[in-house]
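Data first, discussion second: the structure below is written as structure tokens.
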Amino acid sequence: MDLKEKLISSFMAFENNVDVEHPVHDLRMEAIKNFEVKGFPSKKEEAWKYTSLKSLQKVDFSIFPKQENALEYKDVKRYFLHEIDSYKIVFIDGIYSSFLSETTHDGVDICLMSSALTKPMYKPIIDVYFNKVASKDESLTTLNTAFSKEGAYIYIPKNKMPKKPVEIVHFATGNEASLMLQPRNLVIVEENAEVQIIERHQSLTPNAVLTNAVTEIFAAQNAIVDYYKIQNDNSSASLIDNTYIDQKSKSNVNVHTFSFGGKLTRNNLNFYQDGEHMDSTMKGVTILGEKQHVDHHTLVHHQQPNCESHQDYKGIYGENATGVFNGKIIVDKIAQKTNAFQQNNNILISDKATINTKPQLEIFADDVKCSHGCTIGQLDEEALFYLQSRGIPKKEATALLMYAFSNNVLDSVRIPELKVRVNKIIAQKLGVNLGFDL
Amino acid sequence: MLEIKDLHASVEEKDILKGINLNVSAGEVHAIMGPNGSGKSTLASVIAGKEEFDVDKGSIALEGEDLEDLAPEERAHKGIFLSFQYPVEIPGVSVTNFMKTAINESRKARGMEDMPANEMLKLIREKSEMLEIDRKFLSRSLNEGFSGGEKKRNEIFQMAMLEPKLAILDETDSGLDIDALRIVANGVNKLRSKDNAIVVITHYQRLLEYIVPDYVHVLYDGKIVKSGEKELALELEEKGYDWIKQEAVV
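Chains as they are written, first to last, in the numbering used here: chain A, 1 to 438; chain B, 1001 to 1250.
Take a look at the structure:
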């Protein structure tokens, strides 16, 4: 039985554990039908030309985690931004860990999707937002919708801002020989409200893990959302991340994606601008080696006038690593005075590493500023000579320059401790050992 | 200190240096002047070991040791310093962290331990005060967004930190206003000693009013066509380079 059949046949068992009377279940049923028709995307589809899910479909993944596993905080502390206090929504093998979590209902709701989907008090919100921006025909998104049950639920009412950032962390412990996870997150930030979220998927085992995540983010007027994705997983873990963002006037949403590991990572990041005078920022640093693969697919749909979008992705690929950047910008006819910028710069440090980069602009308005640029290159020889002439050996100088190349993406990171942490990971990945006191 | 014999160098099969002979002893300051395109900056880069240039003939020795097979960083460890005409911007790496790295790499190459943090801080404070550099400046990314003058001052700060035996200043005066020029020149003069040597490469005589050379050489078409004492610089300032070119042709 291949993975598709297994998923479809597991749906009935899944239904025994959810409230089939809830309106969300109608969405699940539609979604599984869509997935049944479409199945997993193949390389024949343009959007999946460079990323193959074939080998993953041959793995006999467990669809439901069997038992609860415990982790000691001291053993996983390093995966949290432990330098500062934070709210935490933590899952172990897909099951909520109340022991490692710190949720709140104090003025804001930072809690579990399973509660939001079952408790009547959340129903009005769920009715308005759940599955409203996520795609209803993209097959992997609908697969997640079909099995949507658990994840993070974050609701920030008007004029509120949580006292500290929120960390959403998924651990896999290797309880199962191979495990598939499908977390579903919903983030709603009302007018003039603000939130900072850090998300991480971390496998603690050489056993295979496949995560197919969907996150919906709704930013109302004047809302500010900072979302940071840390993808530094081990080489047996794969991640398909589907993030959908609905933005209203004067809102500001920034998504930073740090891809430093994992076997296969696919990021589908979709911004829908529904209002005026807003700003959408997508930034990424990718540093990969081994046979790791990352595929960044971004979409910004400018649907109204006077908005901006900024994309800046930097990639360093070594050994046999492969990368994809596909950035699509759509500017509707009505969306005059749009400023859309896209930049993708890559450095290949091995003859066997590859990158496929493709800007895709569909512009129907005539009074817009859109720019895009992609580069694939080696390091600046003059800069290398400069560092060497100061006594820094070539190897260290090379690492230092790569560090400089990638780290300016971090200027827009607004949590200082996170910036330091990511800087350290970058330095470590590049073998920069410079006694930094960052 | 520095002994250059019949040096020929080329880039992409284009000959640039066509037989340079130059001896610089400890305690001396030499100025190399010449019109644009005569090979001044190439000479500086070749001494510092830039790989882009091929040394086709001749030799460069520092304190009797031939430099031919040494990488730029190894030459730096031996005590060669090049102040760049166009210092490179390195975002994300502060001036302080950069200096720590450079100093400790040199110490490592000489078999020494890392410089203790308090000693490093003291050194940084002392040298930055000498060049009238604001402390805030030291935590900024190296050369990023620096003005022309700040970049040059930062080059001399690096020189002061690294205490080279042979410093080559490539067009250090370009882009400097008169105040910055004075600060930079004062810094260089304080670093002069009987144990080190300085080669000043410049197009104009202006800098040499502040850093007074013992000898002046005129480089033209890849060769030193005239050498003299400091008065030669004044003569060049007055008459321009045309008479040198004519003499060279004759």
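From the three backbone atoms N, C-alpha and C, an ideal C-beta is built for every residue, glycine too.
Query	Result
In its own chain, which residues sit with a C-beta less than 6 Å from the C-beta of B:G1027, not counting the 5 before and 5 after it?	K1194
Tell me the rounded alpha-carbon separation between A:V187 and A:A397.	42 Å
Helix, strand or coil: how does DSSP classify A:A177 here?	coil
Please report the residue range of the beta strand (DSSP E) in which B:P1091 lies.	1090 to 1094
Could you give the distance in angstroms between the alpha-carbon of A:S450 and the alpha-carbon of A:N344?	Any property of residue 450 of chain A remains undetermined from this structure, which presents chain A solely from 1 to 438.
Looking only at its chain, what residues have a beta carbon closer than 7 Å to the beta carbon of B:A1071, apart from the 5 residues adjacent to it on each side?	G1049
Ordered along the chain, which non-local residues of its own chain (more than five positions away) have a Cβ less than 6 Å from that of B:K1223?	K1018, G1019
Looking at A:E417: is its Cβ nearer than 8 Å to the Cβ of A:E194?	no
Spell out the partners DSSP gives A:K88 in its beta bridges.	A:E102, A:E167
Tell me whether A:T205 sits in a helix, a strand or coil according to DSSP, three-state version.	coil
Grab me the residues of A:T265's own chain with a C-beta within less than 6 Å of its C-beta, minus the 5 sequence neighbours each way, in chain order.	Q231, L239, S259, V294
For A:M12, which of helix, strand or coil comes out of DSSP?	helix
Which residues in chain B sit within 7 Å of A:E46, going by Cβ to Cβ distance?	Going along chain B, no residue has its Cβ under 7 Å from A:E46, so there is no contact; the nearest lies around 35 Å.
For the beta strand (DSSP E) that A:P359 lies in, which residues bound it at each end?	354 to 363
Specify, as a first and last residue, the run of the alpha helix (DSSP H) that B:I1124 falls within.	1117 to 1130
Return helix, strand or coil for B:R1140, following the three-state DSSP convention.	coil
Using the beta-carbon of each residue, which ones in chain B are nearer than 7 Å to A:F385?	K1050, P1072
Within the stretch 1140 to 1216 of chain B, note down every full beta strand (DSSP E) run reaching 3 residues or more, in order along the chain.	1166 to 1170, 1197 to 1201
Grouping DSSP H, G and I as helix and E and B as strand, with all else coil, what is A:N408?	helix
Against chain B, which members of the stretch 365 to 397 of chain A pass a CB distance test of less than 8 Å?	D380, E381, E382, A383, F385, Y386, L387, Q388, S389, R390, G391, I392, P393, K394, E396, A397
Please check the pair B:I1103 and B:I1080, which I expect to be a contact at CB under 8 Å, by giving their CB distance rounded to whole angstroms.	Incorrect: roughly 15 Å between the Cβ atoms, too far for contact.
Fully enclosed by the stretch 118 to 160 of chain A, which alpha helix (DSSP H) runs are 4 residues long or longer?	123 to 129, 139 to 146
Check A:N185 in the structure and name its three-state DSSP category.	strand
What would DSSP say about B:R1110, mapped onto helix, strand or coil?	coil
Run the proximity test for A:E167: is its beta-carbon closer than 7 Å to any non-hydrogen atom belonging to the ligand SAH?	Looking for the ligand SAH in the displayed structure turns up nothing, as the structure carries no ligands at all.
For the alpha helix (DSSP H) holding B:V1046, just list the boundary residues, first then last.	1040 to 1048
Kindly indicate which residue of A:N192, A:L71, A:Q304 has the alpha-carbon position closest to the one of A:V90.	A:L71
Tell me B:D1015's beta-bridge partners as DSSP assigns them.	B:S1010
Would you tell me roughly how many angstroms separate the C-alpha atoms of A:N144 and A:K136, rounded to the nearest one?	11 Å
Mapping DSSP to helix, strand and coil, what is A:H22?	coil
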